[in-house]
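A.B. asks: For the sequence shown, position 21 matches number 5 in our numbering, and the numbering has no gaps at all. From the three backbone atoms N, C-alpha and C, an ideal C-beta is built for every residue, glycine too. Can you read through this structure? Questions will come right after.
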Amino acid sequence: MDADVVWAIKDWDEVFETRHSRSEAGPRRYLLIPTDRQSESYVSLMGSTGGQAAYGLFVGLCRIAARCPKRGVLADEKGPYTPRRIAEKLRASVASVNRSIEMLSSPSIGWLRRTRAGHAPVTAPVTAPDTRRESAGCAPGKVGDSGLGTETGTETKPPYPPPSGGSGGAEVSPAGGYRPRRSPRADRRAAKLAAASEAAERVRAEEAEKAQKASVWHG
């Protein structure tokens, strides 16, 4: 597999980020994963030989991507995350990583997308990639601020002005241009999930501390 290839998670900004997380710089401590997995890609993946292993690897890749300089793009100050680096990070074999990446980047699944090492910002501050700008006017296959694509090019601005007011409309993205306004309900649901995860983590930490104190007392 070409070592110069950088893999990026498709639709990272829309699927794995919220309005609040986009405004926060730095690596993410928690990963937001949608619970509704009934898409054709998911069904096709899980029905394929090796699909469950590929899905497990994809979750691991998302965890790595959440801590990269350009969230959602698998590259850091050391360079692209090659299959060997991914295997070392996730404690998997290089062969299984290669098989899973091949499935995840296939046209029928398409959860991984290719870009080139020269197009991946590996030393810039961590920002959330605005992958939805491609559908809002960025030419397909061109590389813009989202870091996705396979060809060199410049990003174009949407040819239309932002709709005004209402629950729909559009909002200005941090990098410029416009993108559809997210549903407040989806943001609240994501915030509740994150809060529940933090609460569960605190409970586990407290139980572990109690167990440790008990072992010391009885010992």
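#1: Does the beta-carbon of A228 have 16 or more other beta-carbons within 10 angstroms, so that it is buried, or is it exposed?
#2: Thinking C-beta only, is A(-8) closer than 8 Å to T99?
#3: According to DSSP, simplified to helix, strand and coil, what is K62?
#4: Nearest-angstrom Cα distance between R3 and G94?
#5: V(-1) to M87, Cα distance in whole Å?
#6: Answer with buried or exposed for A(-5), where buried requires no fewer than 16 other C-beta atoms within 10 angstroms of its C-beta.
#7: Touching or not, the segment 39 to 47 and the segment 66 to 79, by the rule of three or more beta carbon pairs under 8 Å?
#8: Assuming L15 and A50 form a contact by the criterion Cβ under 8 Å, report the distance between their Cβ atoms to the nearest whole angstrom.
#9: Leaving out five residues on either side along the sequence, give the residues of the same chain with a beta carbon under 7 Å from the beta carbon of S181.
#10: What is the residue span of the beta strand (DSSP E) that A(-8) lies within?
#11: Considering only residues of the same chain and omitting the five flanking positions on each side of S204, which have a CB-CB separation below 6 Å?
#12: Shortest alpha-carbon distance to V(-11) belongs to which of A9, S89, A174?
#13: When you compare the CB positions of R69 and R12, do they come within less than 8 Å of one another, or not?
#14: Look at the alpha carbon of S199 and the alpha carbon of A189, and state the distance between them as a whole number of angstroms.
#15: Can you tell me the Cβ-Cβ gap for G31 and R83, rounded? I've got them flagged as a contact below 8 Å.
#16: Mapping the DSSP letters down to three states, classify L96 as helix, strand or coil.
C.D. replies: Looking at the coordinates:
#1: Nothing can be reported for residue 228: it is not among the residues displayed for the chain, which extend from -15 to 203.
#2: Against a cut-off of 8 Å, the Cβ pair of A(-8) and T99 comes out as a contact.
#3: coil
#4: 25 Å
#5: Near 20 Å, if we compare the C-alpha coordinates of M87 and V(-1).
#6: Position check: residue -5 holds Asp in this sequence, whereas Ala was assumed. The residue is buried, with at least 16 neighbouring Cβ atoms inside 10 Å.
#7: yes
#8: Rounded, the Cβ-Cβ distance is 5 Å, consistent with contact.
#9: Y14
#10: -11 to -7
#11: What is shown of the chain runs -15 to 203, which leaves residue 204 out entirely.
#12: S89
#13: no
#14: 15 Å
#15: At roughly 16 Å, the Cβ-Cβ gap does not stay under 8 Å, so G31 and R83 are not in contact.
#16: strand
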